[in-house]
Amino acid sequence: MPSTGNLFRRTGQLLRGTSLTALPTRFAGVLRYTRVQLAIKAALAVAIAWTVAPFVPGVAAQYPYYAPLGALVSMYPTISGSVKAGLQTLAGLVAGIGLALAGLLLGSPTTWTIALVVGFGVLLAGIPKLGAGRDYLPMAALFVLVVGIDDPDGYSLGYTVQMLVGVVVGLTINAVVFPPLHLSGAVDGLASLRLSLARQLKDMGQAISESWPPKHEDWSNRRTELISFSREVRESVQLADSSRHGNLRSRRHNHDLDADYRALRAMERVTLYVEDMTEVLATAIWTSPKDMPVPDQLSEQLSEAMLACGDAVENWDADSEEYSAARDAVLKLQTDMNTAASPDSPVDVTASLAMSMRRVLRTIRTEEDQP
Numbered sequence: 024m025p026s027t028g029n030l031f032r033r034t035g036q037l038l039r040g041t042s043l044t045a046l047p048t049r050f051a052g053v054l055r056y057t058r059v060q061l062a063i064k065a066a067l068a069v070a071i072a073w074t075v076a077p078f079v080p081g082v083a084a085q086y087p088y089y090a091p092l093g094a095l096v097s098m099y100p101t102i103s104g105s106v107k108a109g110l111q112t113l114a115g116l117v118a119g120i121g122l123a124l125a126g127l128l129l130g131s132p133t134t135w136t137i138a139l140v141v142g143f144g145v146l147l148a149g150i151p152k153l154g155a156g157r158d159y160l161p162m163a164a165l166f167v168l169v170v171g172i173d174d175p176d177g178y179s180l181g182y183t184v185q186m187l188v189g190v191v192v193g194l195t196i197n198a199v200v201f202p203p204l205h206l207s208g209a210v211d212g213l214a215s216l217r218l219s220l221a222r223q224l225k226d227m228g229q230a231i232s233e234s235w236p237p238k239h240e241d242w243s244n245r246r247t248e249l250i251s252f253s254r255e256v257r258e259s260v261q262l263a264d265s266s267r268h269g270n271l272r273s274r275r276h277n278h279d280l281d282a283d284y285r286a287l288r289a290m291e292r293v294t295l296y297v298e299d300m301t302e303v304l305a306t307a308i309w310t311s312p313k314d315m316p317v318p319d320q321l322s323e324q325l326s327e328a329m330l331a332c333g334d335a336v337e338n339w340d341a342d343s344e345e346y347s348a349a350r351d352a353v354l355k356l357q358t359d360m361n362t363a364a365s366p367d368s369p370v371d372v373t374a375s376l377a378m379s380m381r382r383v384l385r386t387i388r389t390e391e392d393q394p
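For the sequence shown, the working numbering begins at 24 and goes up steadily by one.
Structure (structure tokens):
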């Protein structure tokens with residue numbers, strides 16, 4: 024089983040030559056491509072369902088328009104998601120029809136009986152296990168009472184059968200045509216997040232070496248962006264994991280998603296550390312913009328340490344020269360910091376940043392040691 028470090032090196036080689044600023048754009052491009060595939064399959068499934076629906080035997084042939092709806096509701100980015108959504112939709116549909124038929128036992132529909140049945144339907148739709156079917160429960164009940172009132176039994180049967188036909192068509196198309204296996208989104212997302220963190224560290228290191236206060240503030244506005252981006256990457260890894268279930272293509276792709284999850288957890292920890300460093304440095308700068316929060320004799324060492332940590336994160340290899348250089352730079356910073364500390368030269372900001380850098384480097388080392 025490849026280590027997390029091997030995964031990072033593999034994604035780094037894959038994206039070599041791609042600028043740091045272009046990586047989030049590339050990640051978004053992968054997601055857009057996935058959406059285009061889903062749109063094509065949904066259109067194809069709806070067309071086939073509409074073509075097949077009139078040939079369904081019995082009373083169901085009178086309600087062909089529900090087959091395309093069934094195909095549409097079963098179209099999800101993953102096969103397992105499609106199966107789950109299709110079954111939940113059918114369950115909600117059957118429950119809603121049953122509720123409506125029970126309401127008809129009270130007599131012909133009136134304003135009050137329709138309101139009562141729909142109200143109960145909305146209550147039942149709150150059952151968590153219904154999932155995607157919760158919206159169809161009260162809707163199906165309403166349709167039976169309003170649209171199918173002339174032949175509620177025939178309408179209910181036709182509605183259910185045609186929805187089932189549509190769901191089967193949708194599942195078949197999703198499993199056969201471009202069966203979704205979202206591995207590239209996970210790989211690109213992890214690499215994008217890693218290199219975005221490296222860029223943030225380097226930008227902060229550059230800001231410290233500038234004239235005071237720093238002229239550019241872009242790095243200080245990325246605090247929430249990094250956290251949001253890490254959540255998006257987690258979603259992409261989870262999507263890649265779920266896309267394997269029931270997918271025949273997964274047998275031909277020997278991809279270690281356990282390594283992806285280890286990489287993700289490491290990246291999430293580093294994201295928190297970098298976000299904290301950004302908060303500390305930004306607060307120190309703009310609380311007292313005229314006063315340098317880092318002693319003059321430590322500013323160069325702090326800048327070099329942050330730049331070196333950026334290189335270490337970008338490379339993500341505890342045995343690399345970049346990692347050794349970052350470790351030595353942080354140790355030198357701490358040594359000089361202990362020497363420079365005095366009431367007239369506070370080092371609290373420097374100490375906080377140095378501790379966060381040690382945590383970043385420890386995360387790299389810890390993940391490298393895992394099998």
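Heads up, the beta-carbon is just placed ideally off N, CA and C, and yes, glycines get one too.
### Message
Can you confirm whether the segment 291–307 touches the segment 378–386 when touching is taken to mean that 3 or more C-beta pairs between the two stretches lie within less than 8 angstroms?
### Response
By the Cβ test, the segment 378–386 is in contact with the segment 291–307, since at least three Cβ pairs between them sit closer than 8 angstroms.
### Task
Taking only the alpha-carbon atoms, compute the straight-line gap between L110 and V117 and give it to the nearest angstrom.
When rounded, the separation of the alpha-carbon atoms in L110 and V117 is 11 angstroms.
### Query
Under a three-way DSSP split, which group does Y86 fall into?
coil
### Query
Does DSSP classify P80 as helix, strand or coil?
coil
### As assigned by DSSP and simplified to three states, the class of I172
coil
### Query
Is the beta carbon of T389 sitting closer than 7 angstroms to the one on L321?
no
### Query
When the distance is taken between beta carbons, is A209 closer than 7 angstroms to A282?
no
### Message
Measuring only the C-alpha atoms, how far is D174 from L287?
### Response
55 angstroms
### Residue burial classification, G156 (beta-carbon count within 10 angstroms, cutoff 16)
Residue environment: G156 is assigned as buried (16 or more neighbouring CB atoms within 10 Å of its CB, all protein chains considered).
### Query
Secondary structure at Y296, three-state DSSP: helix, strand or coil?
helix
### Query
For G144 versus A164, is the C-beta distance shorter than 7 angstroms?
Yes, these two residues count as a Cβ contact at 7 angstroms.
### Task
Tell me where the alpha helix (DSSP H) around E248 begins and ends.
R246 to S266
### Query
If you run the structure through DSSP and keep just helix, strand and coil, what is V317?
coil
### Query
Of the choices P202, V141, A230 and E323, whose alpha-carbon is the least far from that of Q357?
E323
### Enclosing alpha helix (DSSP H) for S105 [first to last residue]
I102 to L127
### Query
Per DSSP, what kind of secondary structure is V167 in: helix, strand or coil?
The DSSP-derived three-state label of V167 is helix.
### Message
Quick check on V167: buried or exposed, where buried means 16 or more other Cβ atoms within 10 Å of its Cβ?
### Response
A residue is called buried once 16 or more other Cβ atoms fall within 10 Å of its Cβ, and V167 is buried on that count.
#### Entry: Where S379 falls: helix, strand or coil (DSSP)
helix
### Query
Is I137 helix, strand or coil when you go by DSSP?
It is helical.
### Message
What does the alpha-carbon distance come out to for the pair D211 and E344?
### Response
25 angstroms
### Message
Give me, in chain order, the residues of the same chain whose beta-carbon lies closer than 7 angstroms to that of A76; leave out the 5 immediate sequence neighbours on both sides.
### Response
P87, A90, Q185 and V188
### Message
For a cutoff of 7 angstroms on Cβ pairs, would you count L122 as touching chain D?
### Response
Chain labels in this structure do not include chain D; a single protein chain is all it has.
### Task
Taking only the alpha-carbon atoms, compute the straight-line gap between S375 and L354 and give it to the nearest angstrom.
14 angstroms
### Query
Applying the criterion that 16 or more other CB atoms from any shown protein chain within 10 Å of the CB defines a buried residue, is S379 buried or exposed?
buried
### Query
Taking the C-alpha atoms as reference points, what is the distance between G81 and V200?
30 angstroms
### Message
Here's the rule: buried if 16 or more other CB atoms are within 10 angstroms of the residue's CB, otherwise exposed. What is N361?
### Response
exposed
### Query
With C-beta atoms as the reference, is L249 less than 7 angstroms away from E298?
yes
### Query
Whose CA, out of Q85, G121, L122 and I63, lies closest to the CA of A94?
I63
### Cβ separation of G228 and L330, assumed to be a contact under 8 angstroms, to the nearest whole Å
4 angstroms
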